[in-house]
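Novice: My questions all concern the structure below.
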Amino acid sequence: MAKKKTSARSKKISRRTASQRFRVLLAALFVTGFLILCLVVLGHLRQTWHSSNKPLPKPVAQAPAVGDVQLELDSALWRAGISFERLQITSEPGMLKYEVRAPMPKRKTFKELQQRLAKLSSGLHLEAVQADGRVAIRYGQQLLFLVHFRPSKLAEPVSVRPRVAIVMDDLGHELKSARALIDIPLPVTFAILPYPSQAASVARLAHRHGHEVMLHIPMEPRGYPAIDPGPQALLHTMGTAELQGQLRKWLDLLPHVVGGNNHMGSRLTEQRESMIAVLEVMRERGLFFVDSKTSSASVAVKEAHRLGVPVTLRDVFLDNVREVPAIAREIQKLAGVARRRGSAVGICHPYPETLAALRQEAEVLREQGIEVVPVSKLLAPGNRRTVGKGG
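If you're matching positions, the sequence shown starts at 4 in my numbering and goes up one per residue.
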């Protein structure tokens, strides 16, 4: 009996000892886990502290568009009195070389150019060496432009200011946009639709303030009738008599018209017989024609030359993107075309954004030596009547 009691007591002691050992093990595991957690947290805090004390990375300069840099360079040369005829531009991998038959301009020219380049990108830098007559424009370490001034002993060509004409289409619906356009100090040509109720009033207002007036002639586009050029538009299915009768009716209704251009017309301007009918009326009335070039297959210019109608064509649509910065870029693109060719024609519309961009760029064009003229000033020689601020 005594042995049984001793055995039971031993088992009880053994269970109590095992339980105590288990608790000690659990406590040890808890302490170990807690210490590991503390070490992890401390390591993270240390890394965060070191990171917060590191200098922030410098912002990366935005890469400029080469065309924008070239525009600023060309403008600086124009302001210094160097015409495009004095430039020889060659292209090499990654850069453009300018050979300029003129003395190197004063330091002020390049200081102003550097300021303008800095607005395009902080990574652009200009280096001018007066002794060598060389100017380099770099983006970082990359050489973009190398300009070498070589005074010529030969007679220099007479400098001719590049000229642009700006035509505003789709006018005539109301007077507000017409008045806003008149307030901009540019001789913009008014292209007025014949069917809106305010068309004649807009024409008289434009003429009174010295702007040229054109008839914006509604013509059939591809996609007609889903794409609608307006009531009584000229269609390729009309015969000569019908086309000419409708055009004469519009010309009789709209005062002070000196020329015309096509409203839409991507289909009609491709049709030789239709365009002959239109241009015969223009010749009959002593008017010129501007091909808006809504189709690359237009025959308007070819037939106008053949019939003896003064003609020109659109080079740039200015407001395909209705945002002021985008329109301003297209205006500068138009100026660039004029510098290369001597003249250029841009077409736009009476959007608020377009009016704002024209107002913004008017002074810029003047500073760049670009002359804005009525579109009649850019026609090939021929019998024509002209009026306008730029006359």
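Glycine residues also receive a C-beta, built at the ideal position from the N, C-alpha and C atoms.
Under the rule that 16 or more other beta-carbon atoms within 10 Å means buried, what is G248, buried or exposed?
Specialist: When all chains shown are included, G248 counts as exposed.
Novice: Between R110 and chain B, is the shortest Cβ-Cβ distance under 7 Å, so that the two count as touching?
Specialist: Absent from the structure: chain B. Only one protein chain is present.
Novice: Give me, in chain order, the residues of the same chain whose beta-carbon lies closer than 8 Å to that of P160; leave out the 5 immediate sequence neighbours on both sides.
Specialist: Model confidence at P160 stands at a pLDDT of 49, short of 50, so the residue's coordinates are unreliable and nothing is read from them.
Novice: On a Cα-Cα basis, can you pick out the residue from V327, L246, Q335 that is closest to E370?
Specialist: The shortest C-alpha separation from E370 is found at Q335.
Novice: Got a sec? Which residues, its chain only, sit under 7 Å from A158 by beta carbon, not counting five neighbours each side?
Specialist: Residue confidence is low: A158 scores 47 on pLDDT, short of 50, so the model does not pin down where it sits. Its coordinate-derived value is still stated next. Excluding positions up to five away in sequence, the list is empty.
Novice: Tell me the rounded alpha-carbon separation between D71 and S94.
Specialist: If I take the Cα positions, the gap works out to 16 Å.
Novice: Would you mind working out which of T357, V327, P355, L321 sits nearest V340, comparing C-alpha positions?
Specialist: Of the candidates T357, V327, P355, L321, the one whose C-alpha sits nearest the C-alpha of V340 is L321.
Novice: Suppose you measure from the CA of G226 to the CA of N264; what does that come to, to the nearest Å?
Specialist: G226 and N264: Cα-Cα distance of roughly 20 Å.
Novice: Here's a check: name, in chain order, each residue in its chain whose Cβ is nearer than 6 Å to the Cβ of S269, leaving out the five neighbours to either side.
Specialist: Result list for S269: P224, R225, T297, S298, in chain order.
Novice: Who are G349's beta bridge partners in DSSP?
Specialist: Looking at the DSSP assignment, G349 forms a beta bridge with I169, V319.
Novice: Is it buried or exposed, A303, if we count other Cβ atoms within 10 angstroms and call 16 or more buried?
Specialist: A303 comes out buried.
Novice: How far does the alpha helix (DSSP H) with K122 in it reach, from first residue to last?
Specialist: Start and end: 110 to 123.
Novice: Is the beta carbon of L127 closer than 7 Å to that of P67?
Specialist: Yes, they are a contact pair.
Novice: Pick helix, strand or coil for R141, following the three-state DSSP scheme.
Specialist: Looking at R141 - three-state DSSP - the assignment turns out to be strand.
Novice: Please report the Cβ distance between L337 and V138, rounded to the nearest whole angstrom; I am assuming they are in contact, meaning their Cβ atoms lie under 8 Å.
Specialist: At roughly 26 Å, the Cβ-Cβ gap does not stay under 8 Å, so L337 and V138 are not in contact.
Novice: Is the beta carbon of G319 sitting closer than 7 Å to the one on H259?
Specialist: For clarity, residue 319 is Val in the given sequence; the question names Gly instead. No; because the gap between Cβ atoms is not below 7 Å, this pair is not in contact.
Novice: Closest to R342 by CA distance: which of I373, F37, A183 is it?
Specialist: Comparing Cα-Cα distances from R342 to each of I373, F37, A183, the minimum goes to I373.
Novice: Give the DSSP bridge partners of E374, in chain order.
Specialist: Answer is R166, bridged to E374.
Novice: Would you report the Cα separation of Q274 and V284, rounded to the nearest angstrom?
Specialist: C-alpha separation (whole angstroms): 16 Å.
Novice: In terms of DSSP beta bridges, what is H128 paired with?
Specialist: For H128, which the question treats as bridged, DSSP gives the partners R141.
Novice: Identify whether M222 lies in helix, strand or coil by the three-state DSSP scheme.
Specialist: Here M222 sits in strand by DSSP.
Novice: Please go through the stretch 247 to 272 and give each complete beta strand (DSSP E) segment of 3 or more residues, from N-terminal end onward.
Specialist: Qualifying beta strand (DSSP E) stretches, in chain order: 260 to 267.
Novice: Could you tell me the alpha carbon to alpha carbon distance between Q133 and L368, rounded to whole angstroms?
Specialist: Rounded to the nearest angstrom, the two C-alpha atoms are 28 Å apart.
Novice: From what residue to what residue does the alpha helix (DSSP H) around L282 run?
Specialist: From DSSP, the alpha helix (DSSP H) with L282 extends over 275 to 287.
Novice: Kindly indicate which three-state DSSP category L149 falls into: helix, strand or coil?
Specialist: Here L149 sits in strand by DSSP.
Novice: Which residues in the same chain as T389 place their Cβ atom closer than 8 Å to its Cβ, once the five residues preceding and following it in sequence are excluded?
Specialist: The predicted position of T389 is uncertain, since its pLDDT is 37 and thus under 50; a value taken from the coordinates is nonetheless stated next. Excluding positions up to five away in sequence, the list reads E215, V261, P377, S379, K380.
Novice: Would you call the stretch 175 to 193 in contact with the stretch 236 to 243, where contact means no fewer than 3 C-beta pairs closer than 8 Å?
Specialist: The answer is no - the stretch 236 to 243 does not touch the stretch 175 to 193, with fewer than three Cβ pairs under 8 Å.
Novice: In angstroms with no decimal places, state the Cα-to-Cα distance between R211 and D135.
Specialist: Near 55 Å, if we compare the C-alpha coordinates of D135 and R211.
Novice: Is S295 near the ligand MG, in the sense that its beta carbon is under 6 Å from a heavy atom of that ligand?
Specialist: With respect to the ligand MG, the structure offers nothing, as it holds no ligand at all.
Novice: Can you give me the Cβ contacts of R387 inside the same chain, cut-off strictly under 8 Å, excluding the 5 residues immediately before and after it?
Specialist: Here R387 scores only 41 on pLDDT, less than 50, and its place in the model should not be relied on; the value that follows carries that caveat. Once the five neighbours on either side are set aside, the close Cβ partners of R387 are V261, G262, G289, L290, F291, P313, S379.
Novice: I need the boundaries of the beta strand (DSSP E) containing L90, first residue and last residue.
Specialist: L90 -> beta strand (DSSP E) spans 90 to 95.
Novice: Here's the rule I'm using: 16 or more other beta-carbon atoms within 10 Å means buried, otherwise exposed. How should A83 be labelled?
Specialist: So A83 ends up on the buried side.
Novice: Judging by CA-CA distance, which residue of M98, G97, V103 is the nearest neighbour of Q91?
Specialist: Considering only alpha carbons, the answer is V103.
Novice: Pull the bridge partners of F291 from the DSSP assignment, please.
Specialist: Per DSSP, G262.
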